[in-house]
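First residue of the sequence shown? That's 7 in our numbering, and the numbers climb one at a time after it. Structure first, commentary second.
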Amino acid sequence: MKCKKCKTKAVIGLPRHNAAFCKPCFNEFVHDQVARAVKSERMFGPKDRILVAVSGGKDSLALWDILLKLGYRADGLYVDLGIAGYSARSREKVERFAETTGKRHQATLLIHTVQEEEGAGIRELADLVNRPTCSACGTIKRYQFNRAAVDHDYDVMATGHNLDDEAARLLGNVLHWQEEYLEKQGPSLPASVEGFAKKVKPLYRLAERELAAYAVLNRIDYIVEECPMAKGSKMLLYKDVLNRLEIESPGTKQSFYWGFLDKQAKAQPAPVSMAEKDQATLHPCSLCHQPTTAEICSYCRMMARAKAGSLR
Ligand code: Q46
Ligand code: ZN
């Protein structure tokens, strides 16, 4: 197998692109895909400050690495969920990356510790409010990511969602015809109202397998194990189904998700844009002032229930 660009020995084959690359040409390919995503979706510019949500996994650490190497001003944010064993191991990976690559590029790492800030680890909190762990986790992460980006004046918040994540999410949304979610499935969501940070997904053009290869080839030390709470999740099932289709027919995930984005871009502009809808329905939470559709936001309601639960 020879590199498509320079004809030396290839280290990775990419069937969906009908190509193979050596390490330097593969790195160039990955950086180029991210640069294209940033440009075509108008995610951010060279002067913008970016906050990258890092979990210790390959995707988010690779994203932080790529943005720094492309010359962007990118800091990291890690949310320590307090999951016994797993959180300590993933936090260590993030801290080590920040100490080495981050420091070399003058990037800093912010850490939010759920146990300290919310008063209990994510499992205990979910029990107190009687919700599945991942649902409580989603509320806390969304809230804290947005809050950190707004409070620390970042221009944009970036997450490591890749092509596999977005295709699986799209499959789930289509299977259940969740149209309100479909509308928000683009890789760049504007800061529609005051208090909401702009959110982007610069890895949407790259597959999970490509990011794993990038992390290994560039010696990024990431946590290989999945969060123990992810076991049995629908997302993993959708990813598995799409992987089987991809083996039979390379390019399926790409044509599914990119095709959706294409159709969305070409569709007649909605009579009321997403930003206008947000402006009409969102107002500051009466407790924390973050935007919400209700009187009190879901995070504050959850924390009030957790407090009441722990007093019982
Ligand atoms: S981190 Fe949180 Fe995921 Fe773990 S508890 Fe569930 S939602 S599985 S992305
Ligand atoms: Zn609130």
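Glycine residues also receive a C-beta, built at the ideal position from the N, C-alpha and C atoms.
Rounded to whole angstroms, what's the CA-CA distance from residue i to residue j? Just pull it up for me.
i	j	result
C28	E231	27 Å
D170	L209	10 Å
R137	T145	11 Å
A154	I56	11 Å
A221	Y92	20 Å
A113	T107	8 Å
L115	V85	11 Å
D65	V58	11 Å
R48	A164	13 Å
A104	I72	14 Å
C12	A43	24 Å
E130	K147	16 Å
L326	K75	This structure cannot speak to residue 326, because the chain is shown only from 7 to 318.
G238	T14	42 Å
M309	G63	28 Å
S141	I128	10 Å
M241	V247	10 Å
For residue i, count neighbouring Cβ atoms within 10 angstroms of its own Cβ and tell me buried if that reaches 16, exposed if not.
i	result
M7	exposed
Q6	Because the chain is modelled from 7 through 318, residue 6 falls outside the range shown and cannot be assessed.
H182	exposed
P52	exposed
R175	buried
D268	exposed
K272	exposed
Is it true that the region 193 to 212 meets the region 294 to 312, where meeting means three or more beta-carbon pairs spaced less than 8 Å apart?
Because the criterion of three Cβ pairs below 8 Å is met, the region 193 to 212 and the region 294 to 312 touch.
Counting by C-beta, which residues lie closer than 5 Å to a heavy atom of the ligand ZN, in chain order?
Residues close to the ligand ZN by the beta carbon criterion (under 5 Å to any non-hydrogen atom) are, from first to last along the chain, C291, L293, C294, C303 and C306.
Where in the region 127 to 208 do unbroken runs of the beta strand (DSSP E), each at least 3 residues long, occur, reported from the N-terminal end onward?
Scanning the region 127 to 208 for uninterrupted beta strand (DSSP E) segments of 3 residues or longer gives 162 to 164 and 204 to 206, listed from N- to C-terminal end.
Hey, is the region 8 to 26 in contact with the region 186 to 198, meaning 3+ C-beta pairs nearer than 8 Å?
Too few Cβ pairs lie closer than 8 Å, so no.
For the region 223 to 230 and the region 92 to 102, state whether three or more C-beta atom pairs, one from each stretch, are separated by less than 8 Å.
Counting C-beta pairs closer than 8 Å gives three or more between the region 223 to 230 and the region 92 to 102, which meets the contact rule.
What alpha helix (DSSP H) runs, 4 residues minimum, are completely inside the region 53 to 136?
Along the region 53 to 136, the alpha helix (DSSP H) occurs as fully enclosed runs of 4 or more residues at 64 to 75, 92 to 103, 120 to 123 and 128 to 135, listed in sequence order.
Entirely within the region 231 to 271 and at least 4 residues each: give me those alpha helix (DSSP H) ranges in chain order.
240 to 254, all fully within the region 231 to 271.
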